[in-house]
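Read through the structure below, which is laid out as structure tokens, and then see the notes.
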Amino acid sequence: MANDRFLRPALLFTSINDNLPTFMLSLFVTLIMVTGGIDIQVSSLVGLTSITIGVAWQDFGLPIWGAVGLAFVLVTLCGALSGFLIAYCRVQAMVVTLGGSFLFSGMALLVSTLSKTESYLGISGFPEDFRFVGTYDVGGVIPIQIFIYALMLVVAFILLHKTKYGRKIFLTGVNQSAAEYSGINTRRVIMSTYILSAIAAAIAGTVTTAYLGTSRSDLGGDLTMDIITAVVLGGTLSTGGKGSIVGTALASFLIAFLRFGLPLCFKISTQYLDIPVGILLVAVIVGRSAAGVGGFGPWLRSLLPGKGSDKARSVSK
Numbered sequence: 000m001a002n003d004r005f006l007r008p009a010l011l012f013t014s015i016n017d018n019l020p021t022f023m024l025s026l027f028v029t030l031i032m033v034t035g036g037i038d039i040q041v042s043s044l045v046g047l048t049s050i051t052i053g054v055a056w057q058d059f060g061l062p063i064w065g066a067v068g069l070a071f072v073l074v075t076l077c078g079a080l081s082g083f084l085i086a087y088c089r090v091q092a093m094v095v096t097l098g099g100s101f102l103f104s105g106m107a108l109l110v111s112t113l114s115k116t117e118s119y120l121g122i123s124g125f126p127e128d129f130r131f132v133g134t135y136d137v138g139g140v141i142p143i144q145i146f147i148y149a150l151m152l153v154v155a156f157i158l159l160h161k162t163k164y165g166r167k168i169f170l171t172g173v174n175q176s177a178a179e180y181s182g183i184n185t186r187r188v189i190m191s192t193y194i195l196s197a198i199a200a201a202i203a204g205t206v207t208t209a210y211l212g213t214s215r216s217d218l219g220g221d222l223t224m225d226i227i228t229a230v231v232l233g234g235t236l237s238t239g240g241k242g243s244i245v246g247t248a249l250a251s252f253l254i255a256f257l258r259f260g261l262p263l264c265f266k267i268s269t270q271y272l273d274i275p276v277g278i279l280l281v282a283v284i285v286g287r288s289a290a291g292v293g294g295f296g297p298w299l300r301s302l303l304p305g306k307g308s309d310k311a312r313s314v315s316k
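So in numbering that gives the first Met the number 0, spot 219 of the sequence shown is number 218, and the numbers just go up one at a time.
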């Protein structure tokens, strides 16, 4: 209602394109969070993918698709390393992926120093058969990367909701010990989710590099909050055991249209767009906590000292 340009298909597709990495990454971060884990390193893997493609193609002389393959292998190994530390070494996912976000961002910067092009300029001039992945419009209207995202959406949905593997993910998140006693190799399941998330990061990094036409080490570095917000807003519990790929996808669209519509319709500066996304994340978590105790009234009363809390303390004694 504020601006009739908002609903123009070309502009909506542009807003989706600009936020496509969030769409792609949040799908497979959902799998991780259903197991009870978290992945805050995945955005740094996008930058590592991008700069590896650029340096391998421009400075090492690899064919462009050979450079893409090298980036996929490197990023997948990074995801496997984090998954191994979390699943087999029992290190907290928050600690591992926080360290991974710094480690892999540093690796991306290190790779950029191998290039003859200054890192702040970015590597460009990619062949047309590579740019095709990010610039071709099917029927002259729908960007091809949306079809790539749709394929990833279908794969993630089938994996989580229609296979035995998906049921193992849910059971691992509900109670890992019970899942192990029932014969599920929960360590392998957990590690595999981090590998899948890394592969999604490699796809997102490749598509985004082709779309922008430039390879940079800091590509995707600011995606973490949008990814976590999309997953939580889509119905996935941060404690694990519950989640929805469709819910995550819908929440991703909501965040993309929010970031696109607020500047267009209300002239809000883009540098302030993290504020409504942050408010949205906190509101969802608080609302879910309140719903768990019967509504906001009981939830607020539970925060205040009173007879109920005194009685609880006497019972515990």
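Heads up, the beta-carbon is just placed ideally off N, CA and C, and yes, glycines get one too.
{"Item": "Within 8 Å, strictly: CB atoms of L97 and I31", "Value": "no"}
{"Item": "Whole-angstrom distance between D17 and L303, CA atom to CA atom", "Value": "44 Å"}
{"Item": "Beta-carbon proximity check, S123 vs G46, cutoff 8 Å", "Value": "no"}
{"Item": "Span separating the alpha-carbon of G68 from that of A229", "Value": "29 Å"}
{"Item": "Spatial distance of A79 from M190 (CA atoms)", "Value": "7 Å"}
{"Item": "Residue from S196, Q270, P275 and F265 with nearest C-alpha to R349", "Value": "With the chain covering only 0 through 316, there is no way to say anything about residue 349."}
{"Item": "Cβ pair count under 8 Å reaching 3, the region 84–95 against the region 110–128", "Value": "no"}
{"Item": "Selected residue, minimal CA-CA separation from S216, among S49, T134 and W56", "Value": "S49"}
{"Item": "Minimum Cβ-Cβ distance from I189 to chain B less than 8 Å", "Value": "Of the protein chains in the structure, only one exists, and it is not chain B."}
{"Item": "C88 burial status per 10 Å Cβ neighbour count (16 or more: buried)", "Value": "exposed"}
{"Item": "Alpha-carbon to alpha-carbon, F131 and G138", "Value": "14 Å"}
{"Item": "Cβ neighbour criterion (16 or more within 10 Å) applied to I274", "Value": "exposed"}
{"Item": "Straight-line Cα distance separating I226 from T21", "Value": "6 Å"}
{"Item": "Three CB pairs or more closer than 8 Å across the region 62–76 and the region 235–253", "Value": "no"}
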